[in-house]
Amino acid sequence: LAAVPVKGRQVLSILALLSEAVDYPTLHALIPDLAPDTVRDLERRGLLQYDGHSRRYDLHPVVRGIAAGGLGPEEKEGYGQRVVDHFSAQAHIPYDQAETFDDLRDGLHIVRTLLKMGRYQQAYDAYANDLSNALVFNLEAYAEVLSLLRPFFPQGWATLPNAVNEGDGSYLANDAAIALGGVHELKESSAAYGASLAAELRRSDWREVGVRMSNISNMLRARNRLAQEDRCLLSHLNLATLSGDKQTIFHARRYRFWQLAKIGQWADAKAVWDLL
980 LAAVPVKGRQ
990 VLSILALLSE
1000 AVDYPTLHAL
1010 IPDLAPDTVR
1020 DLERRGLLQY
1030 DGHSRRYDLH
1040 PVVRGIAAGG
1050 LGPEEKEGYG
1060 QRVVDHFSAQ
1070 AHIPYDQAET
1080 FDDLRDGLHI
1090 VRTLLKMGRY
1100 QQAYDAYAND
1110 LSNALVFNLE
1120 AYAEVLSLLR
1130 PFFPQGWATL
1140 PNAVNEGDGS
1150 YLANDAAIAL
1160 GGVHELKESS
1170 AAYGASLAAE
1180 LRRSDWREVG
1190 VRMSNISNML
1200 RARNRLAQED
1210 RCLLSHLNLA
1220 TLSGDKQTIF
1230 HARRYRFWQL
1240 AKIGQWADAK
1250 AVWDLL
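Counted the way the numbering used here counts, the sequence shown spans residues 980 to 1255.
What follows is the structure, given as structure tokens:
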């Protein structure tokens, strides 16, 4: 790396902040005065890889790790901001219409780069809601979600991140729990749900407490703990009734109806259905 010309090191530094390959127009947009000779020189040195099928440039993981590790704070901040600004300016379809990773690629670049810059709250803001819902529900990309959220949880999934506020940490833990359940890591999923539920109880956010309890009931069913699922859903329904919130009550009854129908408690299921 020390023998690489300045412009070549700039290419490596910017690519080191990305987590996947990019095409030449993107590379040129990130480094406007990039010359083709620089790209060819990096390829000859074996530092830059080109995939002729996808027409994208990438770094070997070892090269990426060394290049990223050699970045000083000012370089990381400057190059990282350039990456974030570029992908933030790109037009994309609404995330709720996403069908492939390509539909989410710009958002994923932004979140990962912000994490590498140490800007955890901004990374959360870029991830939460639209992008996270598309990953979890549209694509069911559970492994990708866990890879993206791992930097938030240096102490494990059972401990809320301290780099964001408690409510945001609870949101991330809930997403992590859903994803862990999706890859059949049910004990880890249970621990993440527990951390998220405890946070919402401390915050007295009863609607979110209900969401966590309904999610926990799904996890308990997956673990074949039907008695615990039953107690969880009854507690959820009682809490919803006490809250007086119509939407919360409706969702609690809906989950209770599904459970009763699945275990063949037809009369009780019919009574809840009539309420719905």
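Even for Gly, the Cβ is constructed at its ideal location relative to N, Cα and C.
- In the three-state scheme derived from DSSP, where H, G and I count as helix and E and B as strand, residue 1060 is classed as helix.
- With respect to residue 1017, residue 990 sits close: the two C-beta atoms are nearer than 8 Å.
- Going by C-alpha positions, residue 1109 is about 44 Å away from residue 982.
- Secondary structure note for residue 1016: its alpha helix (DSSP H) is the uninterrupted segment 1015-1023.
- Ranked by how close their Cα comes to the Cα of residue 1164, the residues 1198, 1131, 1148 have 1198 in first place.
- Residue 1205 counts as exposed, since fewer than 16 other beta carbons sit within 10 angstroms of its beta carbon.
- Pairing residue 1103 with residue 1244, the inter-Cα distance amounts to about 42 Å.
- Under the 10 Å beta carbon count, residue 1091 is surrounded by 16 or more other beta carbons and is classified as buried.
- Here DSSP, grouped into helix, strand and coil, assigns residue 1202 to coil.
- Less than 8 Å divides the Cβ of residue 1255 from the Cβ of residue 1232.
- According to the DSSP assignment, residue 1082 belongs to no alpha helix (DSSP H), since it is labelled neither H nor E.
- Secondary structure at residue 1091: helix, using DSSP grouped into helix, strand and coil.
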